[in-house]
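J.: The following block contains the structure, expressed as structure tokens.
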Amino acid sequence: MLVAGIDVGGTFTDLVLYDEATKGFRVVKVPSTPANPADGVLEALDTAGIPLESLVRVTHGTTVATNALITRTLPRTGLITTKGFRDVLEIRRGNKPDLWDAYVDVPPPYIPRRDRLEVEERILYDGSVHTPLNEDDVRHVLDLFRKRGVRAIAVCLINSYANPVHERRIKEIAAEVLPDVPVTVSSEVLPELFEFERTSTTVINAALRPVLSRYLESLDQRLRDRGYERDLLILHSGGGVMTPESAASFPARTAASGLAGGAIAMAHIARLSGFENAIGLDMGGTSTDISLMYRGRLRTYTEWQVEFGYPIRFPAVEVVTIGAGGGSIAWIDEGGSLRNGPQSAGAQPGPAAYGQGGTEPTNTDANLLLGRLGEALLGGALALSRPAAEAAVEKLAERLGLSVTDAALAIIRVANANMANAIRLISIQRGYDPRDFALVAFGGAGPLHAVDLARELSIPTVIVPEFPGITSALGCLLVDLRHDLSQTFISAAASADVAEIEARLREMEGQLRERLRHEGVGESDIEILRYLDMRYLGQWRSLSVEAPSPLDSLQPLLDRFHAEHQREFAFSRPDHPVEIYGLRIAAFGRLQKPELPRSARVSARPEAIGLRPVFFTEADGFVTTPVYQRSALGPGIELEGPAVIEQLDSTTVLPPGSRATVDDYNHLIVTV
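For the sequence shown, this note's numbering gives the first residue as 3, with consecutive numbering after it.
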């Protein structure tokens with residue numbers, strides 16, 4: 003009984019196979035295929051060399067939706083909205099990526115104005131019909147869309163969250179007039195207040211439907227042609243999985259799919275190692291993703307964006323992403339300062355050291371010249387060229403007036419500074435003290451930089467998983483089916499009808515239970531979490547507070563809200579009126595997960611497989627450093643820095659003064 007987790011990254015596609023009978027793991031890592039990610043997925047499965055009919059589950063973290071939004075390779079999409087609301091997408095909130103730069107414009111909307119058309123109708127805030135829907139307007143708009151070759155339609159009418167009757171009717175008419183064009187209505191996607199956020203989410207969901215449907219249908223058919231006959235489960239941004247049917251209907255939920263897998267695995271690994279507070283450092287070939295777990299729960303948020311100015315209001319694991327990966331390019335700005343990323347050499351041509359045509363200096367090249375990396379990756383399958391790396395860094399060194407070694411060191415220092423700032427953003431600026439956390443380092447490059455970052459931020463412990471380079475793929479095996487539902491409910495907490503809130507929560511629960519039962523989940527495997535969105539009266543943003551079942555009093559939730567507000571924003575006002583803004587339900591269908599095996603402790607100290615000079619700032623120069631093979635380090639082994647630990651999917655650097663032990667799960671626990 004084999005299950006597979008597959009994560010497509012910017013540089014590599016990772017596969018983890020888990021045998022439920024033997025509890026053994028197998029790891030495969032192949033270069034990504036940006037032109038068609040499915041090719042990399044199938045190559046990884048072919049490389050594993052197993053018959054696909056033996057797989058009982060395949061879970062896939064995909065960047066297809068993310069890349070489509072970033073590159074704007076989207077089908078022509080039309081928007082139908084209430085008369086007078088055609089320009090909601092361009093009016094937005096009037097915010098800018100840089101508050102002080104009045105000349106920087108937000109990117110144009112995903113739908114140009116000529117394809118945003120109006121119909122006569124009006125629903126009032128209380129759900130009553132003020133102006134009936136003009137169906138002639140609807141048919142005229144749909145006829146224009148047909149003539150223009152529109153391939154997806156978004157419908158977002160004012161106040162439809164309070165009464166969806168007009169949106170539903172438009173969907174019915176569209177099914178008659180344009181039966182082959184998918185229609186996304188806001189009352190099904192996001193039945194919440196705030197017209198801009200609802201429109202933005204609906205438009206993004208609509209535009210992605212043809213893109214993700216085409217990808218999933220193609221990949222699913224290619225898997226079936228090779229013998230896999232079960233559902234392909236898709237990891238979504240909220241940290242759960244969806245069936246292909248759900249993913250095709252709500253593709254915007256997958257726009258951060260590739261980021262969630264690593265965060266889920268990070269949380270699982272940290273808990274196994276005895277830590278309830280952990281920060282994830284996922285440094286791959288193109289980017290670094292930072293996540294945070296506090297008291298055993300991953301931090302999540304309900305508004306995020308792939309491109310600034312166009313929010314997606316689906317629940318998502320909070321991940322801060324910056325352009326700092328092994329392939330990030332070092333460059334000099336107009337002021338003569340050294341920069342690092344976000345430009346990346348990617349998978350093709352890759353860093354200069356790959357010898358595939360890259361000529362720009364990258365973090366990989368710098369790490370190679372400093373001795374932190376050896377001259378081969380992927381267990382010898384990928385040779386690294388030191389002369390090519392030196393030639394790339396030398397061009398930068400000449401402009402900076404530095405030696406090649408000092409230039410390489412400067413490249414790494416700038417990369418570390420960028421990552422440290424990202425960690426501060428998700429921790430200190432959210433009210434968390436990094437000294438209370440462990441740093442879980444993974445991705446192909448995370449363990450190279452982790453101890454340096456931990457020292458910079460006074461984080462006392464670093465955890466390096468057994469297979470750090472495929473941790474995101476492992477996360478795909480540690481998730482459950484998950485669906486979320488929300489609705490606007492505005493009421494002063496002091497006068498709120500608790501019975502009405504409980505009734506609405508139960509109604510929402512029922513909808514999600516039915517969805518999970520339809521997907522084959524038994525009642526005993528369903529778990530429901532309920533939340534109330536609360537804010538001080540007059541505030542714009544709200545905080546989600548977990549609610550018990552059944553809900554019989556609001557006072558415990560109010561106490562928790564004040565405490566969370568104090569932690570998040572460094573102030574609270576217990577004497578100020580609190581307002582309930584919305585209700586949320588998260589429903590989980592529990593799936594069987596792999597058990598990470600525990601190994602017997604060993605006492606024999608492993609022999610180094612070699613020695614090489616490695617530059618350490620602590621020694622202000624190169625130090626002859628032992629190199630160990632990770633597979634030779636069993637539970638109970640202790641290593642003192644300086645040391646380098648190599649394995650198929652990553653390299654760990656232990657600077658002088660650090661100490662690593664191997665725990666029962668073969669995780670490296672580094673005391674900084």
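Note that CB positions come from ideal geometry on N, CA and C, so glycine has one too.
Note that the structure is a prediction, hence the values are computed from the model and not measured.
(1) Between H567 and L146, what straight-line distance do the alpha-carbon atoms span, to the nearest angstrom?
(2) Tell me R484's beta-bridge partners as DSSP assigns them.
(3) In three-state terms, what does DSSP make of R457?
(4) How would you write the range of the beta strand (DSSP E) that T64 sits in, first residue to last?
(5) Straight-line CA distance for E2 to G471?
(6) Quickly, what does DSSP pair V629 with across the bridge? List them, please.
(7) Rounding to the nearest angstrom, what Cα-Cα distance links A70 and L210 in this structure?
(8) Give me the Cβ distance between A391 and A354, rounded to the nearest whole Å; I'm assuming they're in contact under 8 Å.
(9) Grouping DSSP H, G and I as helix and E and B as strand, with all else coil, what is I530?
(10) Where does M421 sit, in a helix, a strand or coil, going by DSSP?
(11) Answer with buried or exposed for D762, where buried requires no fewer than 16 other C-beta atoms within 10 angstroms of its C-beta.
(12) What residue from I206, D138, L371 and G11 has the CA that sits closest to A176's CA?
(13) What residues match up with S289 in a beta bridge as DSSP calls it?
(14) Buried or exposed, going by whether 16 or more other CB atoms sit within 10 Å of the CB of W306?
(15) Whole-angstrom Cβ separation of R116 and F198, contact assumed at under 8 Å?
(16) Quick one, are the C-beta atoms of Y230 and T490 less than 9 Å apart?
(17) Which whole runs of the alpha helix (DSSP H) in the region 539 to 574 are 4 residues long or more, in chain order?
(18) Within this structure, are the beta carbons of N675 and R124 separated by less than 9 Å?
(19) Using 9 Å as the threshold, is the C-beta distance between E458 and N420 below it?
(20) Residue range of the alpha helix (DSSP H) that T204 falls in?
(21) Give the range of the beta strand (DSSP E) segment to which H578 is assigned.
(22) Apart from the five residues just before and just after G352, which ones in its own chain have a Cβ nearer than 7 Å to its Cβ?
(23) Using beta-carbon positions only, say whether W610 and L480 come within less than 9 Å of one another.
(24) Report, in whole angstroms, the separation of the C-beta atoms of V655 and V442, which I expect to be a contact under 8 Å.
(25) Looking at the secondary structure, which residues open and close the beta strand (DSSP E) in which H132 lies?
(26) So, using beta-carbon positions, are M536 and F573 closer together than 9 Å?
(27) Quick check on M244: does DSSP put it in helix, strand or coil?
(28) Short check: CB of P184 to CB of A154, under 9 Å?
(29) Going by DSSP, what residue range makes up the alpha helix (DSSP H) through V179?
(30) Between the region 508 to 517 and the region 288 to 308, are three or more C-beta pairs nearer than 8 Å?
(31) Where do the ends of the alpha helix (DSSP H) carrying R43 lie?
(32) To the nearest angstrom, how far is it from the Cα of S551 to the Cα of L534?
(33) Alpha carbon to alpha carbon, how far is D651 from G446? Give it in angstroms, no decimals.
(34) Contact check, P363 vs A394 under 8 Å by CB: the rounded distance?
(35) Spatial neighbours of E22 within its chain, please: C-beta separation below 6 Å, excluding the five flanking residues on both sides.
(36) Would you say S259 and T463 are within 9 Å of each other, going by their C-beta atoms?
T.: If we stick to the structure as given:
(1) Straight-line spacing of the CA atoms in H567 and L146 works out to 49 Å.
(2) BP columns for R484 point to F590.
(3) It is helical.
(4) Element bounds for T64: n/a, residue is neither H nor E.
(5) Past the edges of the chain, shown from 3 to 674, lies residue 2, and the structure says nothing about it.
(6) Beta-bridge pairing links V629 to G612 and V646.
(7) If you draw a straight line from the Cα of A70 to the Cα of L210, it is about 8 Å long.
(8) Going by Cβ atoms, the distance from A391 to A354 rounds to 5 Å, so yes, they are a contact pair.
(9) I530: strand per DSSP, three-state reduction.
(10) Reduced to three states, the DSSP call for M421 is helix.
(11) A query on residue 762 cannot be resolved here, the shown segment of the chain reaching from 3 to 674 and no further.
(12) Of I206, D138, L371 and G11, the residue nearest in Cα terms is D138.
(13) DSSP lists no beta-bridge partner residue for S289.
(14) W306 is buried by the Cβ-count criterion.
(15) That belief does not hold up - the Cβ atoms of R116 and F198 are roughly 20 Å apart, past 8 Å.
(16) No.
(17) Every alpha helix (DSSP H) stretch that sits fully inside the region 539 to 574 and reaches 4 residues is listed by chain position as 557 to 571.
(18) Nothing in the structure corresponds to residue 675, since the chain is present only between 3 and 674.
(19) No, the pair does not count as a contact, with Cβ atoms beyond the cut-off.
(20) First-last of the alpha helix (DSSP H) with T204: E197 to D227.
(21) That residue, H578, is in no beta strand (DSSP E); it is neither H nor E in DSSP.
(22) Cβ neighbours of G352 beyond the five flanking positions: G329, Q358 and G360.
(23) This sequence places Ala at residue 610; Trp is not what is there. A610 is not a Cβ neighbour of L480, given a cutoff of 9 Å.
(24) Taking the Cβ atoms as the reference, V655 lies roughly 16 Å from V442, outside the contact range of under 8 Å.
(25) V131 to T133 is the extent of the beta strand (DSSP E) around H132.
(26) In this structure, M536 keeps its C-beta atom at 9 Å or more from the C-beta atom of F573.
(27) The three-state reading of DSSP puts M244 in strand, counting E and B together.
(28) The Cβ atoms of P184 and A154 sit closer than 9 Å to each other.
(29) Start and end: V167 to V179.
(30) Using a C-beta cut-off of 8 Å, the region 508 to 517 makes no contact with the region 288 to 308, since fewer than three inter-stretch Cβ pairs fall below that distance.
(31) For clarity, residue 43 is Val in the given sequence; the question names Arg instead. P39 to A50 is the span of the alpha helix (DSSP H), which, as asked, contains V43.
(32) Distance between the alpha carbons of S551 and L534: 12 Å.
(33) Whole-angstrom Cα-Cα distance: 6 Å.
(34) Going by Cβ atoms, the distance from P363 to A394 rounds to 4 Å, so yes, they are a contact pair.
(35) In the same chain as E22, and ignoring 5 residues on each side of it, the C-beta atoms closer than 6 Å to its own belong to M3, in chain order.
(36) The answer is no: Cβ separation not under 9 Å.
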